[in-house]
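One structure is given below, encoded as structure tokens.
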DNA sequence: AAATAGTCTTGATTAAAATCAATGAAACGG
DNA sequence: CCGTTTCATTGATTTTAATCAAGACTATTT
């Protein structure tokens with residue numbers, strides 16, 4: 152249940168046995184069935200979730216009920232409504248499971264304790280957020296500067312595992328397109344070969 | 152020359168006199184005239200720049216020479232090509248001054264030393280990146296989910312100081328629009344009152 | 001196995017934004 | 001001060017993507 156977690160962390164910082172024990176004591180395992188909510192818009196987000204297994208998405212819900220996907224998360228990733236988590240304001244995002252999931256939850260209290268007690272935890276979090284920031288900046292760059300086809304190809308090149316596991320209309324939503332438009336973009340790409 | 156810097160940091164972490172002296176010893180002041188480059192695409196980014204005074208922008212340059220603005224930075228903000236800074240890969244962004252600027256540069260070596268020597272520095276950096284991440288996520292959300300008018304109004308509400316100091320066509324670029332479209336969006340908003 | 005919900009594609013039409021082109025106003029440099 | 005680059009607006013046209021609508025194919029449920 153904790154394999155992916157410790158493996159992932161140790162790619163960035165090294166943990167003693169003791170560190171591992173402390174960390175583990177702060178984690179709450181949780182299973183989620185496909186389509187179940189982890190967080191609903193309006194609730195306060197009480198945790199950051201580490202994905203041991205499965206796929207989730209976070210999204211906003213527009214006025215006409217249309218969903219806009221902000222993030223996918225697969226094994227080894229963190230997902231949360233970070234703003235709500237840090238400020239205790241109501242969440243603007245909804246998070247649910249695209250496949251059955253196994254998660255490790257880090258509560259607010261756990262997060263704060265760990266930041267103080269475990270310097271490697273702060274370092275790990277810093278590195279995580281840094282790479283999340285860089286990835287987000289690249290995504291934004293491609294949204295405002297690249298034509299649709301390149302944007303889609305960039306996405307598939309970067310996240311082939313997500314493309315395989317997530318329905319296309321969700322990828323369209325992630326890219327800010329309608330499913331019809333994405334379908335046509337794909338057609339254009341494949342017929343050109 | 153260092154007032155804004157220490158004031159800004161102390162909003163998030165507290166610094167002893169000694170901390171301040173150490174920090175100061177690692178900073179390199181630099182002045183930049185309007186239109187001068189701080190970083191050019193293709194060069195390796197050797198620093199993170201703190202803005203004591205002035206306005207800068209980072210942007211990518213498309214195939215037809217069209218600029219896409221990724222970020223503005225005013226007093227109290229950091230600006231860099233973080234990916235290039237951390238990996239020493241060639242920068243994908245260009246950074247230049249929109250007004251005359253006074254900057255404090257943190258070199259790669261300084262950054263690494265400070266992370267080790269000064270725990271408050273790591274904490275400050277973590278908090279900085281966290282809020283940058285949250286801001287970026289909000290921006291992305293508005294790009295993929297809000298109609299143009301609301302996007303522009305959201306921007307002006309959030310960054311009134313930037314709107315005042317930066318030409319409109321740059322704001323259009325930041326929003327991923329042509330200047331003509333932004334002009335029409337603005338007209339629509341004002342005539343409606 | 002049949003029914004149902006979910007998914008992807010395709011076509012026709014409408015709506016939105018980019019592009020092309022021109023003008024006037026403001027800011028800037030010599 | 002004048003000439004020049006920069007900037008913002010407006011109109012006409014083209015391009016692009018959204019919307020509306022239908023059909024086929026797949027997986028899931030009963």
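Residue numbers (my numbering), protein chains in the order written: chain A, 152 to 344; chain B, 152 to 344.
Ideal Cβ positions, reconstructed from N, Cα and C, are used throughout, including at glycine.
- Neighbours of residue 227(B) in chain A, taken as residues whose beta carbon is under 8 Å from its own, are absent, since the nearest beta carbon is some 18 Å off.
- The C-beta of residue 308(A) has fewer than 16 other C-beta atoms within 10 Å across all chains shown, which makes the residue exposed.
- Between the beta-carbon of residue 242(B) and that of residue 195(B) there is about 7 Å, and that keeps the pair under the 8 Å contact cut.
- Taking 9 Å as the cut-off, the beta carbon of residue 153(A) is found closer than this to the beta carbon of residue 178(A).
- Within the stretch 229 to 309 of chain B, the runs of alpha helix (DSSP H) at least 4 residues long that lie entirely inside it are, in chain order, 233 to 238, 259 to 268, 270 to 296, 299 to 309.
- Using a CB distance cut-off of 9 Å, residue 326(A) counts as an interface residue toward chain B.
- According to the DSSP assignment, residue 208(A) belongs to no alpha helix (DSSP H) but to the beta strand (DSSP E) extending over 207 to 212.
- Ranked by Cα distance from residue 256(B), the first of 318(B), 237(B), 200(B), 296(B) is 200(B).
- In this chain, the alpha helix (DSSP H) harbouring residue 332(B) covers 330 to 342.
- Following the DSSP letters along the chain, one finds residue 180(B) inside the beta strand (DSSP E) bounded by residues 178 to 183.
- Ranked by Cα distance from residue 218(A), the options 197(A), 329(A), 206(A), 155(A) are led by 329(A).
- If you compare the alpha carbons of 286(B), 324(B), 168(B), 181(B) with that of residue 296(A), the shortest gap goes to 324(B).
- A residue is called buried when at least 16 other Cβ atoms come within 10 angstroms of its Cβ; residue 176(B) does not meet this threshold and is exposed.
- Listed in chain order, the non-local C-beta contacts of residue 221(B) below 7 Å within the same chain comprise 209, 210, 211, 244, local neighbours out to five positions each way being set aside.
- By the CB criterion at 9 Å, residue 316(B) and residue 249(B) fall inside the cutoff.
- Close CB contacts of residue 313(A) within its chain, under the 7 Å cut and outside five residues either way in sequence, are with 223, 225 (chain order).
- Around the beta-carbon of residue 165(A), fewer than 16 other beta-carbon atoms lie within 10 Å, marking it exposed.
- Here the alpha carbon of residue 198(B) sits roughly 6 Å from the alpha carbon of residue 259(B).
- The three-state reading of DSSP puts residue 222(A) in strand, counting E and B together.
- In this structure, residue 321(B) lies away from residue 303(B), with their beta-carbon atoms at least 9 Å apart.
- Taking 9 Å as the CB threshold, residue 188(B) stays off the interface with chain A.
- Under the 9 Å criterion on CB atoms, residue 295(B) is classed as interfacial with respect to chain A.
- Of the candidates 311(A), 306(A), 298(A), the residue whose Cα lies closest to the Cα of residue 215(B) is 298(A).
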